[in-house]
Amino acid sequence: MVLGANQAAGRFGQVISFSLAALAMIYLSYLLPRLLPGDFVTATYASANVTLTAEQEAGLRAYYTRDRGFGDYLLRLVTLDWGYSYSFLTPVSDLFLGALPWTILLLGSANLISMFIGFLTGVEAAWRHGSRTEKGLVGGMTVLEGIPEICTGVILLIVFALNLQWFPAAGAETAYTDATFFQRLIDMAHHLALPLTTLVLAYFPGNFLLTRNSMMMVIKAHYIETARAKGLPPRRIRYAHAARNALQPIVTRFGLRLAFMITGALVVERINSYPGLGTLLFNAIQARDLPVIQAVVLFSSLIVLCVILGMEGVYRIIDPRIGNAH
Amino acid sequence: MRNLKEETMKKDILLFNLKWIFILLFILISVIGGSPALLARETGKEVRIGDGKGDWGYPSPYRHYPRGPGYVRMSWVFDTLVWKDKNGYIPALAKSWRYDPDAQSFIFELQEGVKWHDGKPFSADDVAFTVNYFKRHPYAWVSMEAVAGAEANGPNQVTIKLKKPYAPFLAYVGGTMPVIPKHIWEKVDDPKRYSDPGAFVGTGPFKFIDFNKAKGTYLYEANREYYLGLPKVDRLIYIKTGKPLMSLLSGKADLVNIRPDMAKILQKKRMVVIENQRGWNKKLMINHQKPPFNDKRFRKALAHAVNQQEIIDKAHRGFGSPASFGLLSLDHEFYNPKTPTYNHNPAKVREILESLGFQKDARGFYGKGSRPLVVELLASNITVAGDSVTDRDGEVIKRELEEAGIQVKLINMEQASTDARIRNWDFDLAISGHGGLLGDARILNMMISPKVKGSVNSARYGANKELLNLLNAQVAEMDPEKRKRLVWKIQEIYAEELPAISLYYPVSMSAFNPGKGIKWYYTKGGVAFGIPISQNRMTLVE
Amino acid sequence: MHINVSRDLWQDPWFLVGLSLTLLFAGLALLGPPLAPFDPWDISFTPISPPSAMHPLGINDGGQDIFSELLYAIRNTVAFGLLSGFTALGIGVLLGAISGWFGGFVDAILMRIADIILAIPAIMILILTAALFQPASYILALILASLMWPTIGKAIRAQTLSLRESLHIRAASQMGGGNWHIIRRHLIPEMFPLYLIGFAAKTRMAMFMEASLAFLGLFDPSRKSLGMMIAYALKYYYMEVWWNWLMPPILCLSLIIMGFTFLAISLEKVVDPRLREVLVEKTA
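Order-wise, the sequence lines are chains A, B and C.
Per numbering that gives the first Met the number 0, the very first residue in the first sequence carries number 0; after that it's consecutive.
Per numbering that gives the first Met the number 0, the very first residue in the second sequence carries number 0; after that it's consecutive.
Per numbering that gives the first Met the number 0, the very first residue in the third sequence carries number 0; after that it's consecutive.
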């Protein structure tokens, strides 16, 4: 996995592509009202749970057919004027910023935990290649990798929330409690436990297998021999040298998962009724609440862009050879 | 690699421990977080009510959603003149009342020493102001059609003058009208947009603190100076939950609406389950303005084709009871036991249809000449007591009609769309549902007469003059016995004309946790003018 | 290369298990519905009944036989996955080979398009399309395929690039073989193992998406699906239905996806030259 100038240039091209993709998504969300079949207002609100008064309908039509141009659209986005949700009757930015922390909490911790656990166990397993532990782990992880998150999510819910009642079956925290900060934290962790476990179980087998495979490939490489010849203790060999090279695909994965965070946990959020962005998007789609849908689609494009760009920086850190290539 | 065995063994232990640490953390969090005691306040009791929809609008007269649960959330904050408990009418803001037939007025003696939530004193001026304000700015839940006006006679007495005798007055005005403070609303010209904190000042047992629309949660705090007594809890909270059984068992809610098949399990876990009388029905709306539905005989054929008990068995696992064809509930005090009924009778269907000129074709479906008889049936998710329920009534009815020879095209739509089409007479048959069947008999006017506007569930049937006259007469008849006889006749004629077919009464149940020391009940006749819900203001007042 | 691949494959237990599971469910998808004891849309049975001799898995809340439902659901899920996987494979192979072989401008354009598609979250597009336009399920499968082909395309392109320099390809080209002829008769057959990997991986993802969309209720309610069965069964969590109504679709879904996962993993192991080195060493 030698990284050279070629690949660096390739990555730059990738950044361009991703930016174009993000722009395409933004434009798509701008076009969304126009893409819908028929008279958009009737089509949208005829089947929504919101009945509009005549003035509201007229106002909506005027609002949406008033094409103020793509540039104005972009500007309003940046200033957080994302419009007004008609099914919740609150500004879209409020809804969005209310759900965002939960999604970040859930996905962020799930990804971090599964990254660490997957990485650590992968490295250790690769080092013990051939032992019973390794064979068992690989076997177990392969099986786990094959179980989709719907299944793990539902099983965990049924067993731990509905039958044993160790965990709540819905929500992110208990409403209106006068508890101390510490108690609230525990309450939130309590609600977070099931969806988090589901996601970790879904993510970390893949990380494990990826790490192990990457590790196996580099174990034989020259510089490992060099390190051992220098007489370094095994732990340093493992993590400092070998792992560093296996880190890159893991970090890529982490980044990608984070980039697609909004839809990444949608099913798990639904199973556990966790009020994150996935639930928000889903409810908005069901209620045909276009302002919210637009905002979420938009935001996801922007996140993808930012994360991809951010990953560039991270690659530089973990592999100094990229920087040296220039 | 092999000679590092000792090292690796130590690493094994580390990995091993890592896994155990994670598992322990898991258990720790569940145990700690699970104890609700940790999250309860040291002083003060609270009660939580779980609801499937969550968002019913702001608890202020013009802001709550136009359905039962919306009204109820407002009723904690705003008092009425009279109220109902388990047994009947009880005093609220009015400590006594009487009707003066000569003056055609109701005179209310009001409680003394009542204060608004903002500290200002309550008086008869507020009541008079409320009546006149609602006349100027109609509020959907109170019908001012028969009210001429109101006047305060002194600080504690108010007279409400009627335009004509009006039997449903206590139910629809006295017991439903929320009294609003004059000193706040006299400055409000556009009540629908008024959202200042002043909109939530009432005299009720609870003060409104917070409402989160997106989460569907409400928070109220006790009004310690409530004139009827101290509320039993300090805080009242509504939460939104899709799993009522789970919420009740885990302590997240203390009162929830449940499905009938949850009853046994809850009772085993020592929850109290209460069942309502039959105040809500599923109804088959008929577009009697177009052929062949404009012919009474065809509507009767439909009634014979439908099998009420089968719908209950197939679509609701036996939970429910067949409805009276006279619209009023079997449990209503004015129910007419001699109301005509229509049994499931395919032979009768054949007889009627053939007498109307329909012929059966090769596939067994009726048609006239070359045109087959195809009927469009609209079905949707209906909101029952606040929870949206999907059901298969449509499929069962379709099968029943087709077995009788009437081809059916079943269309599933969302409730708002079905409502819109019904309103515009753009349908053949539609499955709908509504409550109020245990309240004042005025519900018959609301659900039959084309002149009473408001409900999308109304049959709007004007073809029978006698029926319309009786409907007008019954609301003006102040003598209960005479009124009962009028209502009996109405049910008889309605069941003969069949502008809509009442199908069944579903089983309506709630469950609560007795450990909180509060005994919830279903109000006789329904809350206010007939909301079949188990949340009555008085339950939380000493 | 071919002979070695086969030998290693057949000796790999994961491959064998994966293959059996896949064949089993493909068989069920084909033969299941005709052999189903009842019409799954027949609502004439008593709802929520426990299993009996006539109804091995009992009856669901609508009065339908669960076992028959399961068979139809398996077919729908597998069909969706296969359609999507094949199409993604087809597009990916074609565009990847063209991209790698012709290089230059064509390559640049195609790869940029691929990158753009990669940045779009597939599930969001699918959800939006399914909810707002309610197309038929095979259209959704095709849309998904059009979002999944880039990874296959890139792998094929990489392999094409390396094969392009190999002796026999250069010989063929020098002997006068036209571009399309070489692509068709030489390149494409050579990369067969890559297809299997790509196909297995994408079919797996497609079936996963189908189950998720069905669980969220975005398909036509009369279309049977494993995800939908799970969602309905979950509603009755408080009744004793978890073992006859909830677990069968969960098990089937897990086994189907596991099957394809094992196939993909074992194929990757065997085909990736760097991994193979290590394996070879193991047996030495």
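From the three backbone atoms N, C-alpha and C, an ideal C-beta is built for every residue, glycine too.
Because the structure is a prediction, the values reported are computed rather than measured.
Interface flag for Gly-226 of chain C against chain B is unset, since no Cβ pair is found closer than 8 Å.
Residues of chain A whose Cβ lies closer than 8 Å to the Cβ of Phe-104 of chain C do not exist, since the nearest Cβ in that chain is about 14 Å away. Using a 10 angstroms sphere on the CB of Asn-256 of chain B, the tally of other CB atoms reaches 16 or more, which defines it as buried. Straight-line spacing of the CA atoms in Leu-96 of chain A and Tyr-175 of chain A works out to 19 Å.
In chain order, Gly-99 place their CB closer than 7 Å to the CB of Leu-160 of chain C, counting only its own chain and leaving out the 5 sequence neighbours on each side. Listed in chain order, the non-local C-beta contacts of His-63 of chain B below 8 Å within the same chain comprise Trp-55, Gly-56, Tyr-57, Gly-69, Tyr-70, Arg-72 and Met-73, local neighbours out to five positions each way being set aside.
Not flagged as an interface residue toward chain B: Gln-293 of chain A, since no C-beta distance is shorter than 8 Å.
For the region 260-276 of chain B, the beta-carbon criterion of a distance under 7 Å to any beta-carbon of chain C is satisfied by Asp-260, Met-261 and Ile-264. With contacts defined by Cβ atoms closer than 8 Å, Gly-102 of chain C and Ile-151 of chain C do not form a contacting pair. Of all residues in the region 63-87 of chain B, none places a beta-carbon less than 7 Å from a beta-carbon of chain A. Here the alpha carbon of His-433 of chain B sits roughly 27 Å from the alpha carbon of Asn-211 of chain B. Taking Ala-113 of chain C as reference, the option from C:Leu-94, C:Leu-127 and C:Ile-126 with the minimal CA-CA separation is C:Leu-94. For Trp-241 of chain C, same chain residues with a beta-carbon under 8 Å away, outside a window of 5 residues either side, are Ala-232 in chain order. According to the DSSP assignment, Trp-487 of chain B belongs to the alpha helix (DSSP H) that extends over 479-496.
Interface criterion met: the Cβ of Phe-17 of chain A is under 8 Å from a Cβ in chain C. According to DSSP, Glu-401 of chain B shares a beta bridge with no other residue. Excluding the 5 residues flanking it on each side, Val-291 of chain A has same chain C-beta neighbours closer than 7 Å at Ser-84, Val-91, Leu-94, Leu-279 and Ala-283, in chain order.
Within chain A, the residues whose beta carbon sits less than 7 Å from that of Ala-213 of chain B are Phe-87, Thr-89, Leu-94 and Gly-97, listed in sequence order. In the displayed model, Gly-117 of chain A falls within a helix according to three-state DSSP. Annotated three-state conformation of Thr-240 of chain B is coil, per DSSP. In the structure shown, the three-state DSSP call for Glu-476 of chain B is coil. Three or more Cβ pairs closer than 8 Å define a contact, and the region 239-255 of chain B falls short of that threshold against the region 97-107 of chain B. In the three-state DSSP reduction, Ile-42 of chain C falls in the coil class, being neither helix nor strand.
Counted as a single uninterrupted DSSP element, the alpha helix (DSSP H) harbouring His-180 of chain C occupies residues 178-181. Think of a sphere of 7 Å around the beta carbon of Arg-316 of chain B: the chain C residues whose beta carbon falls inside it are Pro-46 and Ile-47, in chain order. Here DSSP, grouped into helix, strand and coil, assigns Leu-169 of chain B to helix.
With a minimum length of 4 residues, the unbroken runs of alpha helix (DSSP H) contained wholly in the region 237-312 of chain B fall at 243-249, 262-267 and 295-304. Beyond the five residues adjoining it in sequence on each side, Met-215 of chain A comes within less than 8 Å, by CB distance, of Ala-125 and His-128 in the same chain, given in chain order.
DSSP places Ser-19 of chain C outside any beta strand (DSSP E); the residue lies instead in the alpha helix (DSSP H), whose first and last residues are 12-34. Residues are counted here when their Cβ sits less than 7 Å from a Cβ of chain A; for the region 231-245 of chain B these are Ile-236, Ile-238, Thr-240, Gly-241, Lys-242 and Met-245, given in chain order. Around the beta carbon of Asp-188 of chain B, fewer than 16 other beta carbons lie within 10 angstroms, which makes this residue exposed. DSSP places Trp-165 of chain A in the coil class of the three-state scheme, outside both helix and strand. Look at Gln-293 of chain A here: in three-state DSSP terms it is helix. Per DSSP, Gly-432 of chain B is one residue of the beta strand (DSSP E) stretching across 428-433.
DSSP places Ala-440 of chain B outside both helix and strand once states are collapsed to three, so it counts as coil.
Exclusion of the five residues before and after Glu-375 of chain B leaves Lys-408 and Asp-427 as the residues of its chain whose Cβ lies within less than 6 Å of its Cβ.
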